[in-house]
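S.K.: Take any residue in the sequence shown, count from 1 to its spot, add 205: that is its number in our numbering.
Beta carbons are placed, not taken as given, at the ideal position from N, Cα and C, and that holds for glycine.
Could you have a look at this structure, given as C-alpha cells, before my questions?
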Amino acid sequence: MSADRKRFTSPFAFVGYWQKVSCYLLLIAGICFLFADTEIIALDPWHELVLIAKGFVSPDFFATEYLINALWQTVGFAFLGVSLALCIGAPLSLIYHKPFIACICAFTRSIHELFWALLFLQIFGLSPLTGILAIGLPYGATFARVFSDILQQAPMTTSQTFACNTDRISRYIYGRLAHVLVPISAYIRYRFECGLKSSAVLGFVGMPTLGFYLETAFRQGHYHQAAALLILFISLIGTIHYWCRLKLLPVYWVIAVWSLPVVPEVDGTLIWRFISHDILPPMLQTGGVDGEGISGAWLFELATWLKPILYEQALPGMYATLLLAVAALGMTYTIALVASTMCHRAFAGLFVGYCSRFMVLICRSVPEYIFAFVFLLLLGPSMLPAMLALALHNGALIAYLLTRQSDKLPTADNFNQRIDSYAFEVLPAIYPNMMALLFYRFEVILRETAILGMLGVATLGFYIDSNFAEIRYNGAIVLLLVTALINILVDIASRRLLHGKHNQLARCC
206 MSADRKRFTS
216 PFAFVGYWQK
226 VSCYLLLIAG
236 ICFLFADTEI
246 IALDPWHELV
256 LIAKGFVSPD
266 FFATEYLINA
276 LWQTVGFAFL
286 GVSLALCIGA
296 PLSLIYHKPF
306 IACICAFTRS
316 IHELFWALLF
326 LQIFGLSPLT
336 GILAIGLPYG
346 ATFARVFSDI
356 LQQAPMTTSQ
366 TFACNTDRIS
376 RYIYGRLAHV
386 LVPISAYIRY
396 RFECGLKSSA
406 VLGFVGMPTL
416 GFYLETAFRQ
426 GHYHQAAALL
436 ILFISLIGTI
446 HYWCRLKLLP
456 VYWVIAVWSL
466 PVVPEVDGTL
476 IWRFISHDIL
486 PPMLQTGGVD
496 GEGISGAWLF
506 ELATWLKPIL
516 YEQALPGMYA
526 TLLLAVAALG
536 MTYTIALVAS
546 TMCHRAFAGL
556 FVGYCSRFMV
566 LICRSVPEYI
576 FAFVFLLLLG
586 PSMLPAMLAL
596 ALHNGALIAY
606 LLTRQSDKLP
616 TADNFNQRID
626 SYAFEVLPAI
636 YPNMMALLFY
646 RFEVILRETA
656 ILGMLGVATL
666 GFYIDSNFAE
676 IRYNGAIVLL
686 LVTALINILV
696 DIASRRLLHG
706 KHNQLARCC
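This is how it looks when you write it as C-alpha cells:
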C-alpha cells in the first residue's frame, strides 16, 4: 500500500498538522495547570474588586503630583531607548549572519528589560542611563534579528540591474532597503509601542515613569488615582498613530533629551569594582587562579559555591518558570482564538465587534506586570495571577494582529454570521499565522514569566531579585545566565517547530 493511500485510510487522516500541534499544546498546558499552584487564598477578593471598579467609575486625574512629567518621562525613556536600540540593531543586522554576533544578540534579548534595569541600578543608580540602557540593549538585539530576517526577504532582482561600478552603499539602499522599508517602519512603530510599556514598567524599580505612581497608588489602595493613571496610559497607547508622526520625531527627540532628569556623576571606581569583583565567584574575588593554573581544589571550591545556587534556586526556578509559561501559553491560545473571532465584524456584528476591539485594546495596552500586580491583590500570591496576566496581554495582542489580517480577507456573499461560515472561510486563512505568532510570543511569555517572580511568584525572577536584594551579584549573574539559556533553547525549539519539514503555512489541515 502506498504512503498516500495509508495516509487517507488512517482513521485520523482528517487531522492536519496544526490541529495536532494545537491538541498537544492544550494537553501539555492542561497538565502544567494541574501541577501549578493556582489556589485562591485572598480572604475577600470581591471587596477589593468592588473598590477597584469604583475607582474606574470615578477616576481622579488630579491626585497624582507631577502627572504631566510622569507621562512625558514615560514617552521620553521609550523614545530614547528605542533610538539607542536602532543605533545598535541597524548595523548589527548587516552582520547578523555571523554566528558570534547572532549568539551575542540572542543572549542580550533573552534577558528582560527589568533584569537589565536591576543590573544597571547597581552601577548607575536611579539615573536616566539605567532606563535608557535597559530598553536599548535588548531592543537593539531584537532589531538586529528582525531587520536581518526582513532584509533576507528583499528580492535580488533590483541589485542585478545595477552597473558593475555601483558602490556598496547604493546597492544596499536602493537594491535591498527600498524593498523592505515599509515592514521595517511598521516594526519600528510596533517596537516603540512595546517601549512605552517597558518604560512604564521600569517605574516599578524606581524610575520616574507612570509605573512608579501606579505601583504606589495600588499598594496604598488609592484606586481612583490608579484608575486615572491606567486610563491615561491606555489612551497614550491607543492614540499612538495620531501623535507619533514622522515629522514630529526630531521635535520629540530634542525635547526628550532636554527634559531628561539630571544624570548623577558616575564613579568609575565603583563600576570597575562591580565588573572586576562583585559579579565574580568568591574564589576569583580573593585573587583568581594561581600560577599553577586551574587545580582540583579550585574546581571543588567552585562546585561547592555553584551547588546551592543551581540545586536550591536555579532548578526550582526553572521548574516553576516552565510550568507557569506553558500553562499561560495554553490560556493565551484560547483567549486569542476567542477574541479574534469576536472581533470579526462580519461574524459578530458591528456593535459586538467594536466592543471586542476596545477590550482587546485595553488588554494589549496594559503591561503584564501591571495586570499581575492587580490580580495579586485580588487573588493572593499564587501562579494564577501571573497566568491570567500573561494570557490576557499576549492573547489580546495576538487577537489584534489576527483581526488586522482577517479584515483584509474577502468574505463570500452567502456568509451567514454563524460559526460554521467563520470556521470554513476565515479561520483556515488566519490559523497558521496565529500559531506562528503564538510560538513567537512563547519566548516573550517565558521572559515575562521570569520577571513576574519579582512580585513573589517563585520563578527564576524571584531568586534573581532576592540575590540583588541580598547584594549577591555573582549569584544573580549565574541565574541570569540560566534564564538566558532557557530562552535561547525555547527560541530554537519554536523555530524548528514552525519551520519543520511537515509545517506548511499555506494550510491548516
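Quick check on the DSSP output: what are the complete alpha helix (DSSP H) runs of length 4 or more inside the stretch 552 to 596, in order along the chain?
M.R.: 555 to 570, 573 to 584
S.K.: Are the CB atoms of A604 and A681 nearer to each other than 8 Å?
M.R.: On the sequence shown, position 399 is the one that residue 604 refers to. On the sequence shown, position 476 is the one that residue 681 refers to. Against a cut-off of 8 Å, the Cβ pair of A681 and A604 comes out as no contact.
S.K.: So that I know if they touch, is there some Cβ in chain B lying closer than 8 Å to that of C369?
M.R.: Among the protein chains of the structure shown there is no chain B, as only one such chain exists.
S.K.: So, I650 versus F320, is the Cβ gap smaller than 8 Å?
M.R.: In the sequence shown, counting from the first residue as 1, residue 650 sits at position 445. In the sequence shown, counting from the first residue as 1, residue 320 sits at position 115. Contact flag unset, no.
S.K.: Does the separation of the CB atoms of P521 and A663 fall below 8 Å?
M.R.: Translated into positions along the sequence shown, residue 521 becomes position 316. Translated into positions along the sequence shown, residue 663 becomes position 458. The answer is yes: Cβ separation under 8 Å.
S.K.: Specify the secondary structure class of G221 as computed by DSSP and reduced to three states.
M.R.: Stepping through the sequence shown from its first residue, residue 221 is reached at position 16. For G221, the three-state secondary structure derived from DSSP is coil.
S.K.: Under the assumption that I575 contacts L401 (Cβ atoms under 8 Å), give the Cβ distance between them as a whole number of angstroms.
M.R.: To locate residue 575, count along the sequence shown from 1; it is residue 370. To locate residue 401, count along the sequence shown from 1; it is residue 196. Taking 8 Å as the upper bound for CB-CB distance, I575 and L401 are not in contact here, some 13 Å apart.
S.K.: Apart from the five residues just before and just after A530, which ones in its own chain have a Cβ nearer than 6 Å to its Cβ?
M.R.: The sequence position of residue 530 within the sequence shown is 325, counting from 1. Same-chain partners within the cutoff: I650, L651, T654.
S.K.: What number of angstroms, rounded off, separates the C-alpha of P590 from the C-alpha of W503?
M.R.: Residue 590 sits at position 385 when you count from the first residue of the sequence shown. Residue 503 sits at position 298 when you count from the first residue of the sequence shown. Spanning the two alpha carbons is a distance of roughly 44 Å.
S.K.: Assuming G294 contacts F238 (C-beta within less than 8 Å), just tell me the rounded distance between them.
M.R.: Within the sequence shown, the letter at position 89 stands for residue 294. Within the sequence shown, the letter at position 33 stands for residue 238. So it is not a contact: roughly 37 Å between Cβ atoms.
S.K.: Please identify the residue among T414, V255, F348, T366 whose C-alpha is closest to the C-alpha of A283.
M.R.: Along the sequence shown, one-based indexing puts residue 283 at 78. When each option's Cα is compared against that of A283, the closest is T414.
S.K.: How would you write the range of the alpha helix (DSSP H) that D242 sits in, first residue to last?
M.R.: Stepping through the sequence shown from its first residue, residue 242 is reached at position 37. Here D242 belongs to no alpha helix (DSSP H), and DSSP marks it neither H nor E.
S.K.: What is the DSSP secondary structure of C449, counted as helix, strand or coil?
M.R.: One-based indexing of the sequence shown puts residue 449 at position 244. Of the three classes helix, strand and coil, the one that applies to C449 here is coil, per DSSP.
S.K.: Let's test the definition: count the other Cβ atoms within 10 Å of the Cβ of A258 and tell me whether it reaches 16, buried, or not, exposed.
M.R.: Locating residue 258 in the sequence shown gives position 53, counting from the first residue. Its Cβ having fewer than 16 others within 10 Å, A258 is exposed.
S.K.: For L435 and R569, what's the separation of their Cα atoms in angstroms?
M.R.: For the purposes of this step, residue 435 is identified with residue 230 of the sequence shown, where counting begins at 1. For the purposes of this step, residue 569 is identified with residue 364 of the sequence shown, where counting begins at 1. For L435 and R569, the distance between alpha carbons rounds to 12 Å.
S.K.: Helix, strand or coil: which one does DSSP assign to K512?
M.R.: By 1-based counting over the sequence shown, the position of residue 512 is 307. Looking at K512 - three-state DSSP - the assignment turns out to be helix.
S.K.: Taking contact to mean at least 3 C-beta pairs separated by less than 8 Å, is the stretch 249 to 264 in contact with the stretch 379 to 388?
M.R.: These segments do not touch.
S.K.: Specify the secondary structure class of G260 as computed by DSSP and reduced to three states.
M.R.: To locate residue 260, count along the sequence shown from 1; it is residue 55. In the three-state reduction of the DSSP assignment, G260 falls in the helix class, which pools H, G and I.
S.K.: Since L407 and A359 are thought to touch, with beta carbons under 8 Å apart, how far apart are those beta carbons, to the nearest angstrom?
M.R.: By 1-based counting over the sequence shown, the position of residue 407 is 202. By 1-based counting over the sequence shown, the position of residue 359 is 154. Not really, about 35 Å apart at Cβ, beyond 8 Å.
S.K.: In terms of residues, what are the limits of the alpha helix (DSSP H) holding N672?
M.R.: Along the sequence shown, read from residue 1 onward, the residue named residue 672 stands at position 467. Element bounds for N672: 665 to 674.
S.K.: Within 8 Å, do at least three Cβ pairs link the stretch 325 to 334 to the stretch 470 to 483?
M.R.: yes
S.K.: Contact between the stretch 585 to 602 and the stretch 242 to 255 is defined here as three or more beta-carbon pairs at a separation below 8 Å; is this criterion met?
M.R.: Flag = yes, the stretch 585 to 602 and the stretch 242 to 255 touch.
S.K.: Taking the CB atoms as reference points, tell me whether G286 and G336 lie closer together than 8 Å.
M.R.: Counting from one through the sequence shown, the residue named residue 286 turns up at place 81. Counting from one through the sequence shown, the residue named residue 336 turns up at place 131. The answer is yes: Cβ separation under 8 Å.
S.K.: Okay, do the stretch 455 to 463 and the stretch 595 to 603 touch, 3+ Cβ pairs below 8 Å being the bar?
M.R.: These segments do not touch.
S.K.: Helix, strand or coil, according to DSSP, for H427 in the structure here?
M.R.: For the purposes of this step, residue 427 is identified with residue 222 of the sequence shown, where counting begins at 1. Three-state result, H427: coil.
S.K.: Tell me the residue span of the alpha helix (DSSP H) that contains G535.
M.R.: One-based indexing of the sequence shown puts residue 535 at position 330. 520 to 547 is the span of the alpha helix (DSSP H), which, as asked, contains G535.
S.K.: Below 8 Å CB to CB, which residues in the same chain sit around G426 once its five sequence neighbours on both sides are set aside?
M.R.: Against the sequence shown, residue 426 aligns to sequence position 221. Excluding residues up to 5 positions away in sequence, L256 lie with their Cβ nearer than 8 Å to the Cβ of G426 in the same chain.
S.K.: Rounded to whole angstroms, what is the Cα-Cα separation between L595 and A533?
M.R.: Counting from one through the sequence shown, the residue named residue 595 turns up at place 390. Counting from one through the sequence shown, the residue named residue 533 turns up at place 328. Looking at the two C-alpha atoms, the distance is approximately 6 Å.
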